[in-house]
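First up is the structure itself, then whatever we jot down about it.
Number of protein chains: 2
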Amino acid sequence: MRSEIVAAALESFHTQGYSVGVKDITDAAGVPKGSFYNHIGSKEEMAVEALAQYAATLGLAELADESVPPLSRLRAHFERLAGQVRERGYTRGCMLGNFAAEAADHSTLIRGAVAAGYDGWTELITAAISQAQHDGTVASQLDPVVAARFLINAWEGALLGARAARTEDSLAAFFTTVFDVLLRPGSGDGG
Amino acid sequence: MRSEIVAAALESFHTQGYSVGVKDITDAAGVPKGSFYNHIGSKEEMAVEALAQYAATLGLAELADESVPPLSRLRAHFERLAGQVRERGYTRGCMLGNFAAEAADHSTLIRGAVAAGYDGWTELITAAISQAQHDGTVASQLDPVVAARFLINAWEGALLGARAARTEDSLAAFFTTVFDVLLRPGSGDGG
Chain A
8 MRSEIVAAAL ESFHTQGYSV GVKDITDAAG VPKGSFYNHI GSKEEMAVEA LAQYAATLGL
68 AELADESVPP LSRLRAHFER LAGQVRERGY TRGCMLGNFA AEAADHSTLI RGAVAAGYDG
128 WTELITAAIS QAQHDGTVAS QLDPVVAARF LINAWEGALL GARAARTEDS LAAFFTTVFD
188 VLLRPGSGDG G
Chain B
8 MRSEIVAAAL ESFHTQGYSV GVKDITDAAG VPKGSFYNHI GSKEEMAVEA LAQYAATLGL
68 AELADESVPP LSRLRAHFER LAGQVRERGY TRGCMLGNFA AEAADHSTLI RGAVAAGYDG
128 WTELITAAIS QAQHDGTVAS QLDPVVAARF LINAWEGALL GARAARTEDS LAAFFTTVFD
188 VLLRPGSGDG G
C-alpha cells in the first residue's frame, strides 16, 4: 500500500502541484485517507520521497555515462527531458522547479531536498562540461560549475516559458542558445 | 475596498502562491470574505488583475527608456530585479514564473495572462538587444527574439535556483554567463 501511495503522490504532486490535498492523493491511490498517515509522517515527508522518485526519471545515469562523449551526452540529456515535456503537451514542468516555486519558502525540509536535487544534477553537468572542455568540444572560457548551474536554471525557466505558451519556442531558444552559441568553442575563446 | 482587496491579493499570491485561500486574502485586506465576490468575479480573475499590478513593479518603463544605452539598461533591469530578490531573502520569486508553475496547466485565463506578460517583457528585451547589436555592444550573431526569450527564461530559472539555495550563486551565474559571455561581442562573432 505504501508504494501505491508514493506513486500516487508523485503523479498528484507533478500534475496538481504541492497544494494538492492528501485526500486527492489517497483517492488516486485507491486507499482510505487515514492510511496516508499510517505510512508517512507528513505531506512534507511525502513530497521529499516523491521528489527522490521523480529524480530517478531524469536519466541522470545516462548523463553520468562516461562511455558517451561528454557534449553528446549533455545534449542527449536535455533532448530526453524535452521529449518528456512534449509528450505532456508542455504541462507539468519539473518537480524540482515546481517545489522551488510552491513550497521552498514555507518548508525547510522541501527546500533542502530541492537544493540537494539541484546540487546533484549540477555536479553531473559540471563533470560533462569539464570533460567536454578537455576534449575541445565546449568553450574553455566557461567556468564549468557556473555554466552547469546556469544551464539547469535556464532549463527550468524554459519549462516555465513552455508551460505558459504551450509552444516549442522556449525549448528551441534553450537548445539554440546553449548548444549553438554558449557552449560552442571558438565563441570568445580567442577563436 | 476593491483596491485594498487587490493589494492584499497581490501580496498573498506572491508570498503564498496561487493556492492561497480567498479567506486569507480577505483577512489580509481586513474585509469580510463575502465582499471578495462582490468586487471580483473569481479567484482566477483576481490573479490576472494582481499579475497586471505586479508587472508594474518590474521597471519595464526603465527597460524601454531609449535615452539610456541599450546594454546598460538591460543590465540595470536585471540588477533592479536582483535587488528586489535579495531584499526578500531570495524568497517569493517572480509572479509570472510562479503562476506558470502553479496555475497555467489548470486555468486558461491565467495561462493567457502569464503568456502575455512574458511576451510583453520579451518585446522590450528584444528591442534592447537589437539596439545594442546596432551600437556594437552585444554580439551580432544572436537572434534578438530568441536571445530575449532565452534571457527571460534563464532569469526565471535563476530565481528558482536562488529560492532553493537561498544564496547568491544562481543570480551570480546568470549575470556572469549572460553579460560576460553570451551577449559579449567577439564571442563567436568572428572576433
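For the protein sequence lines, the chains are A and B, in the order given.
Our numbering puts the first sequence at residues 8 to 198.
Our numbering puts the second sequence at residues 8 to 198.
Note that the Cβ used here is the ideal one computed from N, Cα and C, for glycine as well.
Quantities reported herein were computed from a predicted structural model and do not represent experimental measurements.
Going by the CB atoms, is the gap between residue j and residue i shorter than 7 Å?
i: Ala139/B; j: Pro192/B; result: no
i: Phe183/B; j: Val153/A; result: What sits at residue 183/B in the sequence shown is Thr, not Phe. Yes, the pair counts as a contact, with Cβ atoms nearer than the cut-off.
i: Gly66/B; j: Gly164/A; result: no
i: Val121/B; j: Ala171/A; result: yes
i: Ala16/A; j: Ala57/A; result: yes
i: Ala167/B; j: Gly104/A; result: One detail in the question is off: residue 167/B reads as Leu in this sequence, not Ala. Yes. Within cutoff.
i: Ala35/B; j: Leu178/B; result: no
i: Ala135/A; j: Leu81/A; result: yes
i: Ile117/B; j: Glu51/B; result: yes
i: Thr33/A; j: Phe43/A; result: yes
i: Ser26/A; j: Ser26/B; result: yes
i: Ala71/A; j: Leu149/A; result: no
i: His46/B; j: Arg9/B; result: yes
i: Ala161/A; j: Ala161/B; result: yes
i: Asp112/B; j: Thr64/A; result: no
i: Leu189/B; j: Leu189/A; result: yes
i: Ala14/A; j: Ala108/B; result: no
Secondary structure at residue i, three-state DSSP: helix, strand or coil?
i: Pro192/B; result: coil
i: Gly90/A; result: helix
i: Trp128/A; result: helix
i: Thr33/B; result: helix
i: Lys40/B; result: coil
i: Ile176/B; result: Correcting the residue identity first, residue 176/B is Asp in this sequence and not Ile. Reduced to three states, the DSSP call for Asp176/B is helix.
i: Ala120/A; result: helix
i: Arg99/B; result: coil
i: Pro76/B; result: coil
i: His141/B; result: helix
i: His113/A; result: coil
i: Ser10/A; result: helix
i: Ile136/A; result: helix
i: Ala83/B; result: helix
i: Ala15/B; result: helix
Closer than 8 Å by C-beta to residue i: which residues in its own chain qualify, once you throw out the five before and the five after it? Chain order, please.
i: Thr129/B; result: Val152, Ala155, Arg156 and Ile159
i: Glu69/B; result: Val75, Arg80, Ala83, His84 and Arg87
Note the first and the last residue of the continuous alpha helix (DSSP H) segment covering residue i.
i: Ile158/A; result: The identity of residue 158/A in the sequence shown is Leu, whereas the question assumes Ile. Leu158/A -> alpha helix (DSSP H) spans Pro151 to Ala172.
i: Val185/A; result: Careful: Val185/A lies outside any alpha helix (DSSP H) and carries neither H nor E.
i: Tyr25/B; result: That residue, Tyr25/B, is in no alpha helix (DSSP H); it is neither H nor E in DSSP.
i: Glu56/B; result: Lys50 to Ala62
i: Met102/A; result: Met102 to Glu109
i: Ala68/B; result: Leu67 to Leu70
Skipping 5 residues on each side, what residues in its chain have a beta carbon closer than 6 Å to that of residue i?
i: Arg100/A; result: Before going on, a small fix: residue 100/A reads as Gly here, not Arg. Same-chain partners within the cutoff: Leu166 and Arg170.
Once you ignore the five residues that flank residue i on each side, which residues in its own chain have a CB closer than 7 Å to its CB?
i: Tyr125/B; result: Leu103 and Ile159
i: Thr22/B; result: Arg99
i: Phe186/B; result: Arg82
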